[in-house]
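Peer 1: Residue numbers (UniProt numbering): 1 to 160.
What follows is a structure written as structure tokens; I'll ask about it next.
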Amino acid sequence: MEDEQLPSWAQRIFNINQGVDLQNLTVKVIEASDISSHHNCFTLQEGIVRIHLIPYLTIEERGKAGFIVPTDLDCSTSSAQRIGGGLKVTVYVRAGRRVADLLLIHSDEVGGTVITGDNMEALRNDGKFREGELVEIWMFRLPPNYENTKELCFIFVKVH
1 MEDEQLPSWA QRIFNINQGV DLQNLTVKVI EASDISSHHN CFTLQEGIVR IHLIPYLTIE
61 ERGKAGFIVP TDLDCSTSSA QRIGGGLKVT VYVRAGRRVA DLLLIHSDEV GGTVITGDNM
121 EALRNDGKFR EGELVEIWMF RLPPNYENTK ELCFIFVKVH
């Protein structure tokens, strides 16, 4: 899918941030667990992560997100202990609302790769997601030397 098919608000977010390397990650059906305050995470499908997301990440980002086991730890170490806090990401939702300070984390304990963090409530509220809805997920990067340190960004676009 080409970036011309982004809604105008999403294209504006990409342009304002001087974004680079815009890619469509997937179209996802919102599940009850994605919008549950109990689970407090947004799940990304394993196949999509393996084929599209992991190759998009740098080696350092893969380590922060928990995709790489440090050589000084054995495989019996829980993935929660391997993760260096997760990879900080920013998500943009409906009409360009920015939800910052979220984390991309791959964890065996949660059964895959999730976006989570203290601002999940803001993501749920600002996105106004409902179970069964389709959401197109785009990813882009802030340009090198950009003043914002959250280099990896996502745009969640509801499919109507």
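Glycine residues also receive a C-beta, built at the ideal position from the N, C-alpha and C atoms.
What's the gap between the Cα of Lys28 and the Cα of Pro144?
Peer 2: So the alpha carbons of these two residues sit roughly 29 Å apart.
Peer 1: Starting from the C-beta of Trp138, find all residues in its chain whose C-beta is less than 6 Å away, skip the five residues before and the five after it, and write them out in chain order.
Peer 2: For Trp138, where only same-chain residues beyond five positions count, the Cβ hits under 6 Å are Asn24, Ile155.
Peer 1: By how many angstroms is the C-alpha of Ser37 removed from the C-alpha of Leu57?
Peer 2: Answer to the nearest angstrom: the Cα atoms are 28 Å apart.
Peer 1: Consult DSSP for Ser36 and reduce its assignment to one of helix, strand or coil.
Peer 2: Ser36 falls in the coil class under three-state DSSP.
Peer 1: Going by beta carbon distance, what residues of the same chain come within less than 8 Å of Gly86, once the five residues before and after it are set aside?
Peer 2: Excluding positions up to five away in sequence, the list reads Lys64, Ala65, Gly66, Leu103, Leu104, Ile105, Thr116, Gly117.
Peer 1: Taking C-alpha atoms, which residue in Arg141, His160, Lys158 lies nearest to Gln18?
Peer 2: Ranking the options by Cα distance to Gln18, first place goes to Arg141.
Peer 1: Nearest CA to the CA of Ser8: which residue from Ile48, Gly96, Asn40, Glu121?
Peer 2: Residue Gly96 is the option with its Cα nearest to Ser8.
Peer 1: Expressed to the nearest angstrom, what Euclidean distance is found between the alpha-carbon atoms of His160 and Leu134?
Peer 2: If I take the Cα positions, the gap works out to 8 Å.
Peer 1: Does the separation of the CB atoms of Ser33 and Thr43 fall below 8 Å?
Peer 2: In contact: Ser33 and Thr43 (Cβ atoms closer than 8 Å).
Peer 1: Give the secondary structure of Ile68 by DSSP, where H, G and I count as helix, E and B as strand, and everything else as coil.
Peer 2: Ile68: coil per DSSP, three-state reduction.
Peer 1: Per DSSP, His106 is paired with what?
Peer 2: According to DSSP, which records beta bridges pairwise, His106 is partnered with Thr113.
Peer 1: Taking Gln45 as the reference, which of Gly111, Val93, Arg98 has the closest Cα?
Peer 2: Minimum Cα distance to Gln45 is reached at Gly111.
Peer 1: Return the CA-CA distance between Met120 and Asp108, expressed in angstroms with no decimal places.
Peer 2: For Met120 and Asp108, the distance between alpha carbons rounds to 20 Å.
Peer 1: On a Cα-Cα basis, can you pick out the residue from Asp126, Asn15, Val93, Val114 that is closest to residue 161?
Peer 2: The chain is shown only over 1 to 160; residue 161 falls outside these bounds and no answer can be derived.
Peer 1: Which first and last residues belong to the beta strand (DSSP E) in which Asp126 is found?
Peer 2: Not the beta strand (DSSP E): Asp126 falls in the alpha helix (DSSP H), residues 120-127.
Peer 1: So what does DSSP say about Asn15, is it helix, strand or coil?
Peer 2: Residue state, collapsed to three classes: helix.
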